[in-house]
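Participant: Before I ask anything, let me first share the structure, which is written out below as structure tokens.
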Amino acid sequence: MFSRNLLFGLGLSFATLAIPAFVAPVAAAPTTSHVLWYNSDAGTTFTNALPIGNGYMGGMVYGGVSKDVINLNEGTVWNSGPGSNNVSNGYSKMAEIRSSLFSGNYDRAEQLTGQLSTYDIAKFQPVGDLVLDFGHTGTDYRRELDLETAIAKTTYTSGGVKYTREYFANYPDNVIVIRISADATGKVNFSASLTTPHTNKSVKNVGSDGLTLDATINSIKFQTRFVVKADGGKVSAGYNSVKVEGANSAYIILNTGTNFVSFDNVSANAGERAAAAIDAASKKTFDQLKAAHLKDYQELYNRVRLNLGTPASDAGDITSSRVKNFNTTDDPSFVELYYQFGRYLMISSSRKGGQPANLQGIWNNEMNPSWGSKYTTNINLEMNYWMVESANLQECGVPLFDKIKALVTQGSKTAKTIWGTDKGWVVHHNTDLWNRTGPVDGSWGVWPSGAGWLSTHLWEHYLFTGDKQFLKDAYSTMKGAAEFYLSTMVEEPKSGKKYLVTAPSDSPENTHGKYNVCFGPTMDNQIARDAFNNAIEASKILGVDEDLRAEFEAAVKRLPPNQIGKYGQLMEWFEDWDDPRSDHRHVSHLYGLFPSAQISVDGTAKEAEAAKTTLTQRGDNATGWSLAWKINLWARLQDGDHAYKLVRNLLTPDRTYNNLFDAHPPFQIDGNFGAVSGINEMFIQSQGGKLRVLPALPSKWSSGSVAGLKARGGVTVDSMAWNNGKLTYLGLSATNKDNLVIEYKGNIVNTNTMAGGKYEFDGNLKLTNEPFEAVKLPAKIEAEDYVAMDGVVIEPDESGEPNIGWIEDGDWTEYFVKVPTAGKYTLKVRLASGSEEKSTLTVSDASGKSLGTITVDPEKTDGWNDWYEESTEIELPAGEQTIRFTYNGTGFLMNVDNFSIEEAGSAAVAATAAKINSLEVTRVPMARASVALMVKVPAGESYTVRLLDMDGRQVAISRGVGSVGSNLVEFGAAGDLPRGSYIAVVRSGSRQRTLRLSAF
78 MFSRNLLFGL GLSFATLAIP AFVAPVAAAP TTSHVLWYNS DAGTTFTNAL
128 PIGNGYMGGM VYGGVSKDVI NLNEGTVWNS GPGSNNVSNG YSKMAEIRSS
178 LFSGNYDRAE QLTGQLSTYD IAKFQPVGDL VLDFGHTGTD YRRELDLETA
228 IAKTTYTSGG VKYTREYFAN YPDNVIVIRI SADATGKVNF SASLTTPHTN
278 KSVKNVGSDG LTLDATINSI KFQTRFVVKA DGGKVSAGYN SVKVEGANSA
328 YIILNTGTNF VSFDNVSANA GERAAAAIDA ASKKTFDQLK AAHLKDYQEL
378 YNRVRLNLGT PASDAGDITS SRVKNFNTTD DPSFVELYYQ FGRYLMISSS
428 RKGGQPANLQ GIWNNEMNPS WGSKYTTNIN LEMNYWMVES ANLQECGVPL
478 FDKIKALVTQ GSKTAKTIWG TDKGWVVHHN TDLWNRTGPV DGSWGVWPSG
528 AGWLSTHLWE HYLFTGDKQF LKDAYSTMKG AAEFYLSTMV EEPKSGKKYL
578 VTAPSDSPEN THGKYNVCFG PTMDNQIARD AFNNAIEASK ILGVDEDLRA
628 EFEAAVKRLP PNQIGKYGQL MEWFEDWDDP RSDHRHVSHL YGLFPSAQIS
678 VDGTAKEAEA AKTTLTQRGD NATGWSLAWK INLWARLQDG DHAYKLVRNL
728 LTPDRTYNNL FDAHPPFQID GNFGAVSGIN EMFIQSQGGK LRVLPALPSK
778 WSSGSVAGLK ARGGVTVDSM AWNNGKLTYL GLSATNKDNL VIEYKGNIVN
828 TNTMAGGKYE FDGNLKLTNE PFEAVKLPAK IEAEDYVAMD GVVIEPDESG
878 EPNIGWIEDG DWTEYFVKVP TAGKYTLKVR LASGSEEKST LTVSDASGKS
928 LGTITVDPEK TDGWNDWYEE STEIELPAGE QTIRFTYNGT GFLMNVDNFS
978 IEEAGSAAVA ATAAKINSLE VTRVPMARAS VALMVKVPAG ESYTVRLLDM
1028 DGRQVAISRG VGSVGSNLVE FGAAGDLPRG SYIAVVRSGS RQRTLRLSAF
């Protein structure tokens, strides 16, 4: 058998007669348990509690029996207030800083650069707690979070009564709802109160059933308000509380309103906002609020399903035990749970109208949270949102897109004040609610590529959706990020090549020797390259800024290339300072591999190998978010088993808390989100104009399915299934008219999609949902012209002609034929085998009835291309029908080239079949740099020849009509065909031939 990595099966042509579906779309994966559950409450530990959220507000449910606490957050409750954090006249130091850098005086450069930085940055703050006092104890305790409903639940028994509490955050009505019920009448008794750690506060009763908490934190004023609705019993006002006595059930509706309007406007009335939300929601019953919540949430959550294999025996254990045991069980259903938990967190923390998810999403119970629970823009904010496109949660990206565009005002001031330019905008390594963009935390905070990186998210959204209106709205922001580089990058004198570099800068949070500051770190070069190229392409699409585009095009050519260092690593800095012993958590210089697409296994092999060396040197032990990044990186290197190793490292008690929050440690949510992106990259990659199918499938997930992932080009993976490590089915839908290039294990297809079109492929990427024309017997049929199959692979023989191979026990192919008259027919099969064991090919009809068997005799064939012919007699009824070939034996069995079916006793069928189905294609060597074919089809029949490059893109096309002899088809006769390898796809009627050619 020849290598399956040669490129065959490129697109298919079928005639117009309809055929029943032989390969049904794979249904969404069977629902596994999407529930986190525990047999004890969370105590006082934040990372034991269960998160709920609606993009505006967050809650952490502790589930205590006697006293239940729900931590409360609202996305605009931060400290500090409007204003900038720019050091006045910072640009006046730039000349000396750059001179010091280029002369190697890093002590002076570090000292001066640090003077550009402040520590003025805001922190995300808690609102406080909703406290529910019940005053009893319980048994039979269970606490859970159902990801499919986004409803947390606590159940227990007390005094012979079963109590149930339900908690959810409703986005359409912007309220948190808690319902307390019992299975006996009149048994619901509790009091509800509000607390806050902030000192400037007041709590007031509102009538007999409501309570408000008002507080002020610097510029932010907020009010948390709730109302209690009861079925039966009595609701009354207590001291700063609301009491419920003797009810059958009761529910609480809660909202937090603030005075925040925008980063420079805090003029809203917090109390009016909270009251309006509560008044509107109070007009609805609990069931109505719950139904609205489910409809909204499930429309997003239910889009994606994973099935990674049979759950382990401990799949029903409490979630904390599953975390502890995963590295022993390798339970695929736990990975599914963790993956869907990441999607749940995104839906819960990032919705239109709210703020983007910060370092802790929307959940924080501390006044002084780690790293301020703010927005860190040198990796963490971006990592939060890598997954929204591919995980089919594009609406959840809106808060980020709005934030990026809103940063321009402050970022333009920082560009002027710190960098001395009135062109473009900049963000350094942190920002906050107030959109501060100046450097913070010292010299290492002077990193000018935050805006450049953030702007790539706007371009990526366009690539995934093709939404030109979105691109038009985002273009000025993208352009501004590129203009900043254009106006502030300077020529470096070290290399003699006068590259344009950022100076000063740093490679985020890493040092060379004892210094942070440097010029032209690899990450900056890569981000600048993306910022320029994205703006260039956007301006072409929109037809604007031709002159500025030319400046960008000139600048991008002057950026330093990726460099390989003395240890074989991808260099992190402009100079070869890398320490091969370093295990630093940041791998910033691998931005070009992921999330960018500048480095790839098939496009820049040497750089990809250098990136692999860097990852190997840094090792597999890292912080939670760093492990998540490395999952993405190893997936881009198409090493699924190594990517899975990082998944295993992440799913341990050291890196995943009991409630599945990611542990840096402490808690940072970017690891949860980054892991979802990495798992998606293992299944589908779509960078660089090509859809790569199962590019990094780990051996642990040898069989499974996925449904609902998104790919660039407006493509949705409606369903994809694989078995024993091999693709079996791929179903795609498209929202755009485009040329779709798909690759699986070296096999490439090129399909033109239409808006609303659906496309189904088998494991050889053969399109199966276009109508097939039944082959009229007698006929010769090529083995690869099946209408359905399981397991076989289309591959070339020694002459480059396709056949089917890699056939194992139980594999099968089906063919659609039209039998003119009922009777006995002779089936002749041309096959070859390198196996020493006999194998069989059994022919059956659509009902499964056996029609005949052919035995492959190893004495008659001495290799996978040593062809011989076997035959048997079969009986067929008249009419269109399906016949199936089932292959049985041990190991790899045989290769099959073609077969013929003729009436028993007919000697003329070979000639007749050839006349009916003939399509002969041969290569013609040419002296000049062109490619040529001789195409022979029956006289009067039309044919089409498409020439594709090795990425499956169409280079040229030729059409003709068959004559008495063969027709010469030549591409590049005028010298316009670049040298290299090509694929020719020749079609005539329902016949197709594919050849690999070279132009030299």
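The opening residue of the sequence shown carries number 78 in our numbering; numbering runs sequentially from there.
Here a beta-carbon is modelled for each residue, glycine too, at the ideal position from N, C-alpha and C.
#1: Please state if the CB of residue 970 and the CB of residue 933 are separated by a distance shorter than 8 Å.
#2: Which same chain residues end up closer than 7 Å to residue 557 when comparing Cβ atoms and leaving out the 5 residues on each side of it in sequence?
#3: For residue 806, which of helix, strand or coil comes out of DSSP?
#4: What's the call for residue 95, buried or exposed, on a 16-neighbour Cβ count within 10 Å?
#5: Just the C-alpha distance for residue 417 and residue 731, rounded to the nearest angstrom, thanks.
#6: On the DSSP bridge list, what partners appear for residue 960?
#7: How big is the Cα-Cα spacing for residue 466 and residue 606?
#8: Using only CA atoms, which one of 404, 297, 638 and 865 lies nearest to residue 846?
#9: Return the first residue and the last residue of the beta strand (DSSP E) that residue 800 is part of.
#10: With a threshold of 16 other CB atoms inside 10 Å of the CB of residue 1034, please say whether the residue is buried or exposed.
#11: Closest by CA to residue 868, which one among 608, 882, 1022 and 245?
#12: Sort 1007, 454, 1062 and 297 by Cα distance to residue 1050 and report the nearest one.
#13: Please report the straight-line C-alpha distance between residue 849 and residue 878, rounded to a whole angstrom.
#14: What residue range is occupied by the uninterrupted beta strand (DSSP E) comprising residue 1032?
#15: Go to residue 230, then tell me how far its beta strand (DSSP E) extends in each direction, as first and last residue.
#16: Cutting at 8 Å between CB atoms, please list the residues of its own chain near residue 690, excluding the five before and the five after it.
#17: On the DSSP bridge assignment, give the partners of residue 1056 in chain order.
#18: Within this structure, are the beta carbons of residue 555 and residue 536 separated by less than 8 Å?
#19: Am I right that residue 738 and residue 858 are in contact with their C-beta atoms under 8 Å? What's the rounded C-beta distance?
#20: Return the residue from the list 239, 399, 199 and 279 that minimises the CA-CA distance to residue 214.
#21: Can you find a CB in chain B that lies within less than 8 Å of the CB of residue 459?
#22: Find the nearest neighbour of residue 1000 within the set 459, 1059, 380 and 757, judged by alpha-carbon distance.
#23: Ends of the alpha helix (DSSP H) at residue 406?
#24: Could you check the C-alpha separation between residue 720 and residue 700 for me, to the nearest Å?
#25: Quick one: is residue 635 buried, meaning 16 or more other Cβ sit within 10 Å of its Cβ, or exposed?
#26: Report, in whole angstroms, the separation of the C-beta atoms of residue 246 and residue 257, which I expect to be a contact under 8 Å.
#27: Is DSSP giving residue 297 helix, strand or coil here?
#28: Relative to the alpha-carbon of residue 1009, which residue among 1047, 1038, 843 and 673 has its alpha-carbon at the smallest distance?
#29: Keeping to the same chain, check which residues put their C-beta closer than 6 Å to that of residue 779; ignore five residues upstream and five downstream.
#30: I need the straight-line Cα distance from residue 329 to residue 447, nearest angstrom please.
#31: If you count every other CB in all the chains shown that lies within 10 Å of the CB of residue 508, and 16 or more means buried, which is it?
#32: How many angstroms separate the CA atom of residue 458 from the CA atom of residue 436?
#33: Counting only the same chain and skipping the five closest in sequence on each side, list residues whose C-beta sits under 8 Å from that of residue 967.
#34: I'd like the span of the alpha helix (DSSP H) that includes residue 678, first residue to last.
#35: Can the beta-carbon of residue 220 be found closer than 8 Å to that of residue 374?
#36: Could you please give me the residues that DSSP links to residue 281 through a beta bridge?
Facilitator: Judging by the given coordinates:
#1: Against the sequence shown, residue 933 aligns to sequence position 856. Against the sequence shown, residue 970 aligns to sequence position 893. Yes, these two residues count as a Cβ contact at 8 Å.
#2: Counting from one through the sequence shown, the residue named residue 557 turns up at place 480. A distance below 7 Å between beta-carbons, with the five flanking residues on each side excluded, links residue 557 to the following residues of its chain, in chain order: 485, 501 and 502.
#3: To locate residue 806, count along the sequence shown from 1; it is residue 729. Of the three classes helix, strand and coil, the one that applies to residue 806 here is strand, per DSSP.
#4: Numbered from its first residue, the sequence shown carries residue 95 at position 18. Unreliable placement is indicated for residue 95, whose pLDDT of 28 sits below 50; no coordinate value is reported for it.
#5: Indexing the sequence shown from 1 puts residue 417 at position 340. Indexing the sequence shown from 1 puts residue 731 at position 654. Linking residue 417 to residue 731 through their CA atoms gives a straight-line distance of about 20 Å.
#6: Here residue 960 is taken as the residue at index 883 of the sequence shown, counted from 1. Residue pairing for residue 960: DSSP places it in a beta bridge opposite 892.
#7: The residue labelled residue 466 in the question sits at position 389 within the sequence shown. The residue labelled residue 606 in the question sits at position 529 within the sequence shown. Computed Cα separation, rounded: 22 Å.
#8: As a first step, residue 846 must be located in the sequence shown, where it is residue number 769. Ranking 404, 297, 638 and 865 by Cα distance to residue 846 puts 865 first.
#9: Working through the sequence shown from its first residue, we reach residue 800 at position 723. 792 to 800 is the span of the beta strand (DSSP E), which, as asked, contains residue 800.
#10: For the purposes of this step, residue 1034 is taken as residue 957 along the sequence shown, with counting starting at 1. So residue 1034 ends up on the exposed side.
#11: Your numbering for residue 868 matches position 791 in the sequence shown. The residue with the shortest Cα to Cα distance from residue 868 is 882.
#12: Position 973 of the sequence shown holds residue 1050. Out of 1007, 454, 1062 and 297, 1007 has the C-alpha closest to the C-alpha of residue 1050.
#13: Locating residue 849 in the sequence shown gives position 772, counting from the first residue. Locating residue 878 in the sequence shown gives position 801, counting from the first residue. Cα-Cα distance, rounded: 22 Å.
#14: By 1-based counting over the sequence shown, the position of residue 1032 is 955. From DSSP, the beta strand (DSSP E) with residue 1032 extends over 1031 to 1038.
#15: The residue you call residue 230 lines up with position 153 of the sequence shown. Run containing residue 230: 228 to 235, per the beta strand (DSSP E) assignment.
#16: Taking the sequence shown and counting its residues from 1, the one referred to as residue 690 is at position 613. Answer for residue 690: 644, 645, 646 and 647, listed in chain order.
#17: Against the sequence shown, residue 1056 aligns to sequence position 979. According to DSSP, which records beta bridges pairwise, residue 1056 is partnered with nothing at all.
#18: The count along the sequence shown starts at 1 and reaches residue 555 at position 478. The count along the sequence shown starts at 1 and reaches residue 536 at position 459. For residue 555 and residue 536, yes; Cβs fall inside 8 Å.
#19: Sequence index remark: in the sequence shown, residue 738 carries index 661 (1-based). Sequence index remark: in the sequence shown, residue 858 carries index 781 (1-based). Not a contact, Cβ separation roughly 58 Å.
#20: Taking the sequence shown and counting its residues from 1, one reaches residue 214 at position 137. Nearest of 239, 399, 199 and 279 to residue 214, Cα basis: 239.
#21: Any reference to chain B falls outside this structure, which holds one protein chain only.
#22: To locate residue 1000, count along the sequence shown from 1; it is residue 923. That would be 1059, whose Cα lies nearest to the Cα of residue 1000.
#23: As a working mapping, residue 406 is identified with position 329 in the sequence shown. Residues 396 to 406.
#24: Position 643 of the sequence shown, counted from the start, is the residue given in the question as residue 720. Position 623 of the sequence shown, counted from the start, is the residue given in the question as residue 700. Cα-Cα distance, rounded: 15 Å.
#25: The residue you call residue 635 lines up with position 558 of the sequence shown. By the neighbour-count rule (16 or more Cβ atoms within 10 Å), residue 635 is not buried but exposed.
#26: What you label residue 246 is simply residue 169 of the sequence shown in a count that begins at 1. What you label residue 257 is simply residue 180 of the sequence shown in a count that begins at 1. In this structure, residue 246 and residue 257 do not form a Cβ contact; the two beta carbons are roughly 17 Å apart against a cut-off of 8 Å.
#27: Translated into positions along the sequence shown, residue 297 becomes position 220. In the structure shown, residue 297 sits in a strand (DSSP, three-state: E or B).
#28: Here residue 1009 refers to the residue found at position 932 of the sequence shown. Considering only alpha carbons, the answer is 1047.
#29: Reading the sequence shown from its first residue, position 702 is the one you call residue 779. Excluding positions up to five away in sequence, the list reads 801 and 802.
#30: Your numbering for residue 329 matches position 252 in the sequence shown. Your numbering for residue 447 matches position 370 in the sequence shown. Using only the alpha carbons, I get a separation of about 31 Å.
#31: Reading the sequence shown from its first residue, position 431 is the one you call residue 508. Looking at its Cβ environment, which holds 16 or more other Cβ atoms inside 10 Å, residue 508 is buried.
#32: By 1-based counting over the sequence shown, the position of residue 458 is 381. By 1-based counting over the sequence shown, the position of residue 436 is 359. Between residue 458 and residue 436, the C-alpha separation is close to 7 Å.
#33: As a position in the sequence shown, residue 967 is number 890, starting the count at 1. These residues qualify, in order along the chain: 886, 912, 914 and 916.
#34: To locate residue 678, count along the sequence shown from 1; it is residue 601. No alpha helix (DSSP H) contains residue 678, which DSSP labels as neither H nor E.
#35: In the sequence shown, counting from the first residue as 1, residue 220 sits at position 143. In the sequence shown, counting from the first residue as 1, residue 374 sits at position 297. No; because the gap between Cβ atoms is not below 8 Å, this pair is not in contact.
#36: Taking the sequence shown and counting its residues from 1, the one referred to as residue 281 is at position 204. Answer by DSSP bridge pairing, in chain order: 289.
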